[in-house]
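Residue numbers (my numbering): 39 to 580.
By construction, the Cβ of each residue, glycine as well, lies at the ideal position given by its N, Cα and C atoms.
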Amino acid sequence: MSEQETAKRSTLLIAAAVVVSLVAFGPFGFLLMMTASTAAGTTVACENGYTTGNPATGAWRAPFQQAYTTTSPYGWRIHPITGIRKLHAGQDLVSQPGPGPVVAASAGTVVRSGWYGGLGNSVEIMHAGGVSTVYGHMRSIDGSMKEGAPVRIGQQIGIEGTTGASTGEHLHFEVHLNGHPTDPTPFMQQHGAPLDGRAIAPSPQSGDATAVPVAAPAAPSDGQGAGDGEGGGGFQLPPPGEPRQDSLHNKPLPIPDQIKQYYVNAANRYKVPWTLLAGVGMEETAHGRNNRPSSVGAQGLMQFMPATWESMGVDGDGDGKADINNDADSAMSAANYLTKSGAHKGAEGVRKAIFAYNHADWYVNDVLYYAQQYGGGVVPGDGQACAPSGANAGNPSLPPIDDAKIATVLRWAQSHVGDDYVMGANGPHTWDCSSFSQNAYAQIGVSMPRTAQSQRDWLARGNGFRVQPGQEKPGDLIFWDSYLGPNTIGHVMLVFDPAKQQTVEAMGSQYGVVYGSYKGKAQTKHIFEIWRVGQTKPQEKV
Numbered sequence: 039m040s041e042q043e044t045a046k047r048s049t050l051l052i053a054a055a056v057v058v059s060l061v062a063f064g065p066f067g068f069l070l071m072m073t074a075s076t077a078a079g080t081t082v083a084c085e086n087g088y089t090t091g092n093p094a095t096g097a098w099r100a101p102f103q104q105a106y107t108t109t110s111p112y113g114w115r116i117h118p119i120t121g122i123r124k125l126h127a128g129q130d131l132v133s134q135p136g137p138g139p140v141v142a143a144s145a146g147t148v149v150r151s152g153w154y155g156g157l158g159n160s161v162e163i164m165h166a167g168g169v170s171t172v173y174g175h176m177r178s179i180d181g182s183m184k185e186g187a188p189v190r191i192g193q194q195i196g197i198e199g200t201t202g203a204s205t206g207e208h209l210h211f212e213v214h215l216n217g218h219p220t221d222p223t224p225f226m227q228q229h230g231a232p233l234d235g236r237a238i239a240p241s242p243q244s245g246d247a248t249a250v251p252v253a254a255p256a257a258p259s260d261g262q263g264a265g266d267g268e269g270g271g272g273f274q275l276p277p278p279g280e281p282r283q284d285s286l287h288n289k290p291l292p293i294p295d296q297i298k299q300y301y302v303n304a305a306n307r308y309k310v311p312w313t314l315l316a317g318v319g320m321e322e323t324a325h326g327r328n329n330r331p332s333s334v335g336a337q338g339l340m341q342f343m344p345a346t347w348e349s350m351g352v353d354g355d356g357d358g359k360a361d362i363n364n365d366a367d368s369a370m371s372a373a374n375y376l377t378k379s380g381a382h383k384g385a386e387g388v389r390k391a392i393f394a395y396n397h398a399d400w401y402v403n404d405v406l407y408y409a410q411q412y413g414g415g416v417v418p419g420d421g422q423a424c425a426p427s428g429a430n431a432g433n434p435s436l437p438p439i440d441d442a443k444i445a446t447v448l449r450w451a452q453s454h455v456g457d458d459y460v461m462g463a464n465g466p467h468t469w470d471c472s473s474f475s476q477n478a479y480a481q482i483g484v485s486m487p488r489t490a491q492s493q494r495d496w497l498a499r500g501n502g503f504r505v506q507p508g509q510e511k512p513g514d515l516i517f518w519d520s521y522l523g524p525n526t527i528g529h530v531m532l533v534f535d536p537a538k539q540q541t542v543e544a545m546g547s548q549y550g551v552v553y554g555s556y557k558g559k560a561q562t563k564h565i566f567e568i569w570r571v572g573q574t575k576p577q578e579k580v
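In structure tokens:
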């Protein structure tokens with residue numbers, strides 16, 4: 039393993055103070071006054087875009103895996119074939135490119151399958167709570183879709199088509215509540231599966247399908263009363279590529295029970311698949327079978343160089359020491375190293391993290407091959423992460439957004455205090471932490487990425503700048519670690535009243551959208567960062 043040093047976080051001093059005063063007028067009113075420049079900055083966008091799909095990890099997902107566009111919405115219209123005004127009881131979706139496979143939006147049981155009037159080839163699936171979904175106009179229906187058959191989330195139902203009363207290939211998607219159609223778009227948003235056109239990778243599957251829908255995961259807690267979960271879900275470990283080396287002739291060996299437990303413990307703490315650690319362990323020492331010091335001096339189960347151990351070694355068995363030759367410590371430290379190197383930042387982030395561990399492409403592919411052989415898995419993080427670059431502190435030359443626009447952001451946030459929290463939700467009255475901050479800034483035309491880590495990285499790429507604790511102002515964003523482990527940002531909130539260290543945020547499932555507090559968090563969190571969104575284009579008069 040090559041020696042690596044962790045990147046030092048740069049903290050920028052703000053050159054000129056901006057005077058801010060906040061006077062509260064009850065829970066939904068405030069007066070915000072600040073001085074701000076109106077000079078134009080430079081627009082900097084995340085280059086990564088939405089190039090890969092995340093797997094759905096909640097109870098609902100879009101009915102396509104591929105990217106798509108939305109066409110005819112739910113509502114009354116003149117039917118394009120009959121010319122009669124009637125209710126269009128679903129949302130039409132068109133694959134890009136198409137036609138493509140249609141998959142179940144949630145787990146359930148088939149209640150109807152076959153030709154059904156104007157819907158042509160269609161399937162209806164019953165889910166929990168009196169909810170059912172309908173998939174119409176399909177070219178063909180999968181043979182497994184028999185009445186009474188259990189269906190997994192993401193299981194293929196058929197192929198998009200244009201059967202029945204249809205004018206072109208598309209999927210007609212309906213949601214029914216207790217037998218009555220409802221608009222699928224807000225329903226899916228509130229259930230963490232917005233119909234936003236993005237590709238969604240195949241849903242993780244295990245075991246046999248059951249007729250009992252899977253419950254949505256509860257928002258995790260950071261141990262201090264805040265459930266810090268968010269959307270983004272996760273992404274599959276990337277497959278191995280070429281070249282490979284050791285894995286071509288060394289088959290994956292059985293993992294001793296105790297060693298596997300060390301992998302699992304480390305995976306649970308740092309939120310990576312244990313199979314990724316098993317891939318490293320197999321490549322390095324065959325899970326401890328060959329853990330003698332290497333020719334260059336690497337030591338222990340996961341083969342750390344002593345200099346790297348100084349910065350990356352952590353206690354893995356609770357004895358208060360980080361011992362390079364202790365297997366529990368070695369496995370825990372490997373997870374620490376990989377996540378500090380960006381393993382939560384999409385498939386490319388995983389590959390870069392393994393490459394940081396050992397600078398060889400064949401090594402990366404060997405580790406991923408072994409991880410795949412041990413079962414692969416989903417990395418809880420953002421598969422569409424926008425990695426920062428350069429000094430990792432943004433663009434301090436950007437002027438701040440003017441006071442009237444910040445007031446608009448906070449006024450919108452205040453108006454949603456009392457809304458519910460559901461991990462993966464995206465409104466209109468149910469949120470997670472990052473969809474809340476994303477939608478707050480969308481009120482003034484600022485488009486941020488979806489998850490907390492990606493929002494922070496987007497700012498670091500030049501769309502904002504880092505602020506020292508004590509220098510924060512209303513509308514700034516605070517990021518800290520939570521459900522993704524100590525090395526990855528998992529929660530974001532809006533600064534509301536700096537004098538009181540008060541936030542407005544989607545806090546967690548027990549609290550919903552509330553006025554929160556960041557008092558003392560800088561001392562108790564592994565990651566605590568404050569960022570200011572910059573003005574990246576000329577401002578319009580408000």
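Cα-Cα separation, residue i to residue j
i, j, result
"glutamine 573", "serine 435", "10 Å"
"valine 416", "lysine 390", "17 Å"
"valine 542", "alanine 385", "32 Å"
"glycine 317", "serine 182", "35 Å"
"glutamine 283", "glutamine 411", "16 Å"
"glutamine 227", "alanine 143", "12 Å"
"threonine 377", "threonine 526", "7 Å"
"proline 536", "tyrosine 553", "12 Å"
"glutamine 341", "valine 505", "38 Å"
"aspartate 234", "proline 222", "12 Å"
"asparagine 396", "aspartate 495", "25 Å"
"threonine 562", "threonine 205", "59 Å"
"alanine 105", "glycine 138", "10 Å"
"glutamine 481", "serine 555", "24 Å"
Residues near residue i by beta carbon distance below 7 Å, same chain, minus five either side
i, result
"aspartate 246", "With a pLDDT of 36 at aspartate 246, under the threshold of 50, the predicted position of this residue should be treated as unreliable, though the coordinate-derived value follows. Within the same chain, aspartate 246 has no close Cβ partners at all."
"valine 484", "Val571"
"asparagine 216", "Gly168"
"cysteine 84", "Note that cysteine 84 has pLDDT 40, beneath the 50 cutoff, so the model's placement of it is unreliable and no number is given."
Spatial neighbours of residue i in its chain, beta-carbon cut-off 6 Å, leaving aside the 5 residues before and after
i, result
"serine 581", "An answer regarding residue 581 cannot be provided, because it is not within the stretch 39 to 580 covered by the chain."
"histidine 564", "Asp519, Pro524"
"glutamate 6", "Nothing about residue 6 can be reported from this structure: the residues present for the chain run from 39 to 580 only."
Nearest to residue i (by Cα), restricted to the options the options
i, options, result
"valine 372", "Pro311, Val140, Arg330", "The sequence given here places alanine at residue 372; valine does not occur at that position. That would be Pro311, whose Cα lies nearest to the Cα of alanine 372."
"threonine 323", "Leu314, Gln337, Thr313", "Gln337"
"histidine 229", "Gly146, Ala97, Val213", "Ala97"
"asparagine 288", "Asp404, Gly387, Met176, Ile362", "Asp404"
"arginine 236", "Arg499, Ser492, Arg488", "Arg488"
"proline 437", "Gln194, Pro277, Asn501, Asp357", "Asn501"
"proline 512", "Gln476, Met350, Ala305, Lys443", "Lys443"
"glutamine 540", "Arg499, Leu532, Val447", "Leu532"
"proline 111", "Val460, Gln194, Pro224", "Pro224"
"asparagine 374", "Leu315, Pro292, Ala478, Thr107", "Leu315"
"proline 583", "Val402, Pro466, Gln194", "Past the edges of the chain, shown from 39 to 580, lies residue 583, and the structure says nothing about it."
Proximity of residue i and residue j at Cβ, strictly below 7 Å
i, j, result
"serine 151", "glycine 174", "no"
"alanine 369", "tyrosine 301", "yes"
"valine 189", "isoleucine 163", "yes"
"leucine 275", "glycine 414", "yes"
"glycine 432", "phenylalanine 503", "yes"
"leucine 286", "leucine 209", "no"
"alanine 127", "proline 219", "yes"
"aspartate 19", "arginine 570", "With the chain represented from 39 up to 580, any question about residue 19 goes unanswered, as that position is not in the structure."
"glycine 121", "glutamate 207", "no"
"leucine 471", "histidine 382", "Residue 471 is actually cysteine in this sequence, not leucine. The answer is no: Cβ separation not under 7 Å."
"alanine 398", "tryptophan 469", "no"
"threonine 201", "glycine 155", "no"
"isoleucine 238", "glutamine 134", "no"
"alanine 409", "threonine 313", "yes"
"glycine 356", "aspartate 367", "no"
Neighbourhood of residue i by C-beta distance below 8 Å, restricted to the same chain and skipping five residues each side
i, result
"glutamate 185", "Val148, Val149, Arg150, Ser151"
"proline 507", "Ala560, Phe566, Ile568"
"isoleucine 297", "Gly319, His325, Gly326, Leu339, Asp365, Ala369"
Where the beta strand (DSSP E) through residue i begins and ends
i, result
"phenylalanine 211", "209-215"
"serine 160", "159-164"
"threonine 526", "523-535"
"isoleucine 568", "566-571"
"glutamate 321", "No beta strand (DSSP E) contains glutamate 321, which is instead part of the alpha helix (DSSP H) from 312-323."
"valine 484", "That residue, valine 484, is in no beta strand (DSSP E); it is neither H nor E in DSSP."
"aspartate 130", "129-133"
Terminal residues of the alpha helix (DSSP H) in which residue i lies
i, result
"arginine 449", "441-453"
"tryptophan 400", "399-411"
"glutamate 348", "344-350"
"phenylalanine 393", "384-395"
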